[in-house]
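Note that this note's numbering numbers the sequence shown so that position 256 is 256, with each residue one more than the last.
We put the CB at the ideal spot given by N, CA and C, even for glycine.
First up is the structure itself, then whatever we jot down about it.
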Amino acid sequence: MKKTGMKTPHARRMARAAVALVMVTGSPSVFGQPAFGARGEDVAIQRGQRQHEVQKVLGDKASYAAAIVARWEESAREAGRWDKNYSVDLLESLMKLDPENLLAAGEASSYPAMMNVLATGRAEPTTEAPVPGSLGQNFQDLVYTPVAPCRIVDTRRAVEGALAAGVARTFDVDSSNLAEQGGSATGCGIPLAVAQAVTMTIVAVQPAGRGYLAAWGLGPRPTPSSVLNYDANDVVANTAIIPVVPGGGNDFTLSSLATTHVVVDVLGYFAASNATRLDCTNVLSDIVAVPVDELTAVDANCPPGREATGGGYDIAEGTIAFTGLFMTANPLGNGWRTLVENHTNGPRSIVTFARCCRVPGR
1 MKKTGMKTPH ARRMARAAVA LVMVTGSPSV FGQPAFGARG EDVAIQRGQR
51 QHEVQKVLGD KASYAAAIVA RWEESAREAG RWDKNYSVDL LESLMKLDPE
101 NLLAAGEASS YPAMMNVLAT GRAEPTTEAP VPGSLGQNFQ DLVYTPVAPC
151 RIVDTRRAVE GALAAGVART FDVDSSNLAE QGGSATGCGI PLAVAQAVTM
201 TIVAVQPAGR GYLAAWGLGP RPTPSSVLNY DANDVVANTA IIPVVPGGGN
251 DFTLSSLATT HVVVDVLGYF AASNATRLDC TNVLSDIVAV PVDELTAVDA
301 NCPPGREATG GGYDIAEGTI AFTGLFMTAN PLGNGWRTLV ENHTNGPRSI
351 VTFARCCRVP GR
């Protein structure tokens with residue numbers, strides 16, 4: 001808060017009065033609401049409680065993340081999303097979240113909601129998402145992230161061997177160890193529970209006869225799903241974008257008309273953007289008793305990591321009907337400033353608020 005004392009001509013006072021209600025588009029108006037006092041205290045208390053919870057998470061982030069893994073293990077097993085690498089992979093993914101998103105994961109009311117925090121930064125939806133039958137979803141943007149070409153499947157080295165004729169088989173894309181299916185023993189850099197679709201180069205290696213290879217997510221095979229055709233003893237490749245069902249366990253399915261070995265390399269993945277919705281909060285200044293006949297600035301500043309996107313002011317008294325009180329609010333650095341001219345019969349209690357936002361998640 002800064003104060004500047006100076007006398008101002010009547011014409012300048014009236015000019016400021018004319019713009020006193022100018023706000024950034026979309027900023028909430030505080031006029032016509034009850035007096036600031038109790039409402040401001042409630043907001044401050046809620047903000048303080050939230051920050052206290054975030055600080056507790058930061059105090060022992062590893063223990064908090066481990067508790068989330070333990071809480072949802074049974075649900076993950078029931079959903080068929082648990083494998084021997086899952087607890088390690090989930091813990092690693094949770095540890096990469098910022099404290100506020102990790103807190104959201106811990107507060108999630110269901111296993112799907114917790115996993116959705118990894119994918120979108122928000123604990124929504126609270127019901128199991130439908131198995132994708134096409135690339136992405138029509139209600140959210142997907143962002144493409146390339147990865148260095150990396151092998152996730154090679155049935156020549158896999159425990160189960162070649163892909164049997166007419167038998168659908170599922171494979172993983174986001175485990176930290178893909179060696180059992182012939183892939184990289186250190187994973188391919190696709191984060192757990194994030195990818196909605198993956199760009200893959202799929203190779204049929206020396207099939208037993210003429211036919212085709214199909215690839216899709218999980219569940220019943222959609223039509224069409226063929227990614228390449230082959231003749232007997234061919235080595236033929238194609239690059240395609242395959243929808244996947246992210247999380248623990250296997251994520252996509254391959255099926256071949258004839259018995260064949262299959263090699264799959266990943267080139268990148270599509271994931272929901274969690275940068276399309278801002279995470280915003282109001283930051284309040286102190287309540288300032290503005291003296292009579294002194295131009296006073298009342299400032300609210302956003303904390304590090306958040307940017308000011310709007311702001312305004314309120315009067316922390318039972319009324320705003322003060323003749324001779326002139327105010328205007330404008331951006332100032334990473335915050336908001338209210339300039340106040342008080343020509344009433346005594347000090348007036350003024351508070352400024354700044355709308356402080358950040359881009360959450362990835």
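Run of the alpha helix (DSSP H) containing residue i, from where it starts to where it stops
i, result
"P224", "No alpha helix (DSSP H) holds P224; DSSP gives it neither H nor E."
"T120", "111 to 120"
"S87", "86 to 95"
"A105", "99 to 107"
Cβ distance (whole Å) where residue i is taken to contact residue j below 8 Å
i, j, result
"L94", "A65", "4 Å"
"V262", "A204", "6 Å"
"L97", "A165", "With a Cβ gap of about 44 Å, L97 and A165 do not count as contacting."
"T344", "L325", "6 Å"
"L142", "A271", "6 Å"
"T259", "L163", "7 Å"
"F353", "G311", "6 Å"
"L254", "R169", "6 Å"
"Y111", "W82", "Not a contact, Cβ separation roughly 11 Å."
"N282", "C302", "The pair is not a contact, with the Cβ atoms about 10 Å apart (cut-off 8 Å)."
"G346", "V298", "G346 to V298, Cβ: 17 Å. No contact."
"F171", "N85", "14 Å between Cβ atoms; not a contact."
"G247", "A193", "5 Å"
"A316", "I287", "5 Å"
"D174", "P146", "The pair is not a contact, with the Cβ atoms about 16 Å apart (cut-off 8 Å)."
"R355", "A289", "Going by Cβ atoms, the distance from R355 to A289 rounds to 24 Å, so no, they are not a contact pair."
"P243", "Q196", "7 Å"
First through last residue of the beta strand (DSSP E) which encompasses residue i
i, result
"E341", "335 to 342"
"D299", "296 to 301"
"T309", "307 to 315"
"A197", "195 to 205"
"A215", "211 to 216"
"D154", "142 to 154"
Those residues which DSSP pairs with residue i across a bridge
i, result
"R348", "V290"
"F171", "F252"
"P243", "A197"
"T328", "L339"
"T260", "L163"
"R71", "Note: R71 sits in no beta bridge, so no partner."
"R355", "N282, G310"
"A271", "V143, A195"
"V57", "DSSP, once it has assigned bridges, lists no residue as partnering V57."
"T182", "According to the sequence displayed, residue 182 carries Gly and not Thr. V153, per the DSSP bridge assignment."
"N238", "I202"
"D265", "R151, T201"
"Y64", "Beta-bridge pairing links Y64 to no other residue."
Residue-chain proximity (residue i, chain D), Cβ-Cβ < 9 Å
i, result
"A308", "The chain inventory of the structure shown lacks chain D, comprising one protein chain alone."
If you pair each beta-carbon of the stretch 172 to 188 with each one of the stretch 210 to 222, do three or more pairs fall below 8 Å? By the Cβ test, the stretch 172 to 188 is not in contact with the stretch 210 to 222, since fewer than three Cβ pairs between them sit closer than 8 Å.
Between the stretch 264 to 283 and the stretch 192 to 206, are three or more C-beta pairs nearer than 8 Å? Contact between the stretch 264 to 283 and the stretch 192 to 206 is present: three or more C-beta pairs spanning the two stretches fall below 8 Å.
Is the stretch 147 to 162 in contact with the stretch 170 to 181, if contact means three or more CB pairs nearer than 8 Å? With a cut-off of 8 Å on Cβ pairs, the stretch 147 to 162 is in contact with the stretch 170 to 181, counting three or more such pairs.
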